[in-house]
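According to our numbering, the sequence shown is numbered sequentially starting from 123.
No residue lacks a Cβ here, since even glycine has one placed at the ideal position from N, Cα and C.
Keep in mind it's a predicted model, so treat the numbers as computed, not measured.
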Amino acid sequence: MTKTTKTTKNENENENENENAAQTADARAHHADAGGITLVIGGTGKTGRKVAERLTAQGRPVRVGSRRGEPAFDWNDSATWLRALEGVDRVYVTYYPDLAFPGAAVQVTAFAEVAVAAGARRLVLLSGRGEEAARISEEGLKASGADWTIVRSSWFNQNFDQSFFLDSVRTGEIVLPTADAVEAFVDTADIADVVVAALTDDRHIGRTYELSGPRLLGFEDVAAELSKVTGREITYAPIPMEDYRAVLRENGLPEEFAELFTLILDGRNAHLVNGVEEVLGRPPRDFADFAREAAATGVWDVRAV
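Structure (structure tokens):
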């Protein structure tokens, strides 16, 4: 190797090092510092718990917003909002039971205004794909003057091992008014990673991201995947909407939950979106991977009922 070649190589290495250093400095400039507290509303829920864990792992101060939190946060008691916002500079906003429910937009809009006035500039809202009623909440949050990001999600994989469909999987029959509709189920780990990026990186301010998993699944497909990993036959039984409303009433649940099924029945979400890859630079997690890992925990074992 000649001296000229060696010199050129060293110069290229130096240029690469300088370029990498510049890129690193640029990336750091885009990231918000960890000074203030992040309020995670619903911080014990499916996505909120994972967001709180990830932020804590990064060394960022976190406050869990819940009725049992300290201080308490209650969507239905605006007197709790200011105390929960003390010292907070960013908020992950989730609303229970759903942004499409009556009254949600009024509360979310009012909270956003209070949060910005209290010094919380960065607001990241979890919304739903195809939920027209949720758009009112989105617009209310945007109008607050916050540095906002909207994250619109498909149905969660974790609906099958936490709350909604857990008992159905355990008993071996998923009974829903969804006919042969399909959904692009997304994993809450992917949602949490996107939310953390939106909370901590200025490049996501003013952006709306739609998230889905990597493939469309009907509920028969879901039942087949769950049968594989549990070693039991799990079936899907479609029922009329009115029958499902009766089931909700019998179990003391809001009938408005039935309306959410219209979001997949009319096909509006029967396509994939690339929000996970756009934000994280990697593909979303597949339902089969989720099912395999969930089954290994024993959550669907019949003896666990």
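CA-to-CA distance, residue j to residue i, given in whole angstroms
i, j, result
"Leu204", "Glu305", "38 Å"
"Arg182", "Val369", "43 Å"
"Ser200", "Phe233", "8 Å"
"Gly428", "Val236", "The question about residue 428 has no answer here: the residues shown for the chain are numbered 123 through 427."
"Arg404", "Glu372", "43 Å"
"Phe412", "Ala345", "13 Å"
"Trp277", "Arg251", "9 Å"
"Trp422", "Thr322", "36 Å"
"Pro193", "Gly187", "8 Å"
"Arg190", "Gly328", "32 Å"
"Ala314", "Lys172", "6 Å"
"Ala226", "Gly158", "27 Å"
"Val308", "Lys168", "12 Å"
"Ala330", "Arg274", "A small correction: the amino acid at residue 330 is Thr; Ala does not occupy that position in the sequence shown. So the alpha carbons of these two residues sit roughly 7 Å apart."
"Leu177", "Glu364", "43 Å"
"Phe195", "Ala206", "6 Å"
"Ala417", "Thr352", "6 Å"
"Ala256", "Trp197", "16 Å"
"Thr146", "Val228", "Caution is warranted here: a pLDDT of 36 is assigned to Thr146, below 50, making its placement in the model unreliable, and no coordinate value can be reported."
"Gly335", "Arg390", "15 Å"
"Ala392", "Ala303", "8 Å"
"Glu98", "Glu332", "Missing from the structure shown is residue 98; the chain here goes from 123 to 427 and no further."
"His152", "Asp324", "Annotation note: pLDDT 46 at His152 (below 50); position unreliable, coordinate value reported separately. Roughly 5 Å separates the two Cα atoms."
"Leu338", "Asp211", "37 Å"
"Ser259", "Thr231", "6 Å"
"Glu208", "Arg244", "14 Å"
"Val424", "His326", "43 Å"
"Thr160", "Glu295", "40 Å"
"Thr293", "Gly165", "29 Å"
"Leu247", "Gly397", "15 Å"
"Thr83", "Gly170", "No answer is possible for residue 83: the residues shown for the chain start at 123 and end at 427."
"Ile356", "Asp283", "14 Å"
"Asp343", "Tyr217", "29 Å"
"Phe379", "Leu402", "31 Å"
"Ser349", "Arg414", "10 Å"
"Phe286", "Glu347", "18 Å"
"Pro299", "Leu263", "32 Å"
"Val395", "Glu175", "26 Å"
Chain C within 8 Å of residue i, Cβ atoms only
i, result
"Pro299", "No chain C is present in this structure, which holds just one protein chain."
Residue interval of the alpha helix (DSSP H) (run including residue i)
i, result
"Ala359", "Ala359 -> not in any alpha helix (DSSP H); beta strand (DSSP E) instead, spanning Thr357 to Pro360."
"Arg371", "Met363 to Glu372"
"Thr352", "Phe341 to Thr352"
"Glu381", "Glu378 to Leu382"
"Ala410", "Phe409 to Ala418"
"Val401", "Gly397 to Leu402"
Rounded Cβ spacing between residue i and residue j (contact assumed at less than 8 Å)
i, j, result
"Phe341", "Tyr358", "4 Å"
"Val184", "Val215", "The Cβ separation is near 14 Å, so there is no contact."
"Ile361", "Val291", "Rounded, the Cβ-Cβ distance is 17 Å, inconsistent with contact."
"Ala242", "Val213", "5 Å"
"Asn279", "Phe409", "6 Å"
"Asp312", "Pro406", "5 Å"
Residue i: first and last residue of the uninterrupted beta strand (DSSP E) it sits in
i, result
"Thr160", "Ile159 to Ile163"
"Leu333", "Arg329 to Leu333"
Original post:
Can you list the alpha helix (DSSP H) stretches of 4 or more residues lying completely in the stretch 250–327, in chain order?
Top reply: 256–264, 288–293 and 310–322
Subject >> Inside the stretch 170–231 only - alpha helix (DSSP H) runs reaching at least 4 residues >> reply: 170–179 and 203–206
**OP:** Indicate whether the contact test is met: 3 or more Cβ pairs, each with one atom in the stretch 375–383 and one in the stretch 314–324, closer than 8 Å.
**Re:** no
Original post:
Would you call the stretch 260–269 and the stretch 237–246 touching, i.e. three or more CB-CB distances under 8 Å?
Top reply: yes
Subject >> Cβ pair count under 8 Å reaching 3, the stretch 209–226 against the stretch 375–394 >> reply: yes
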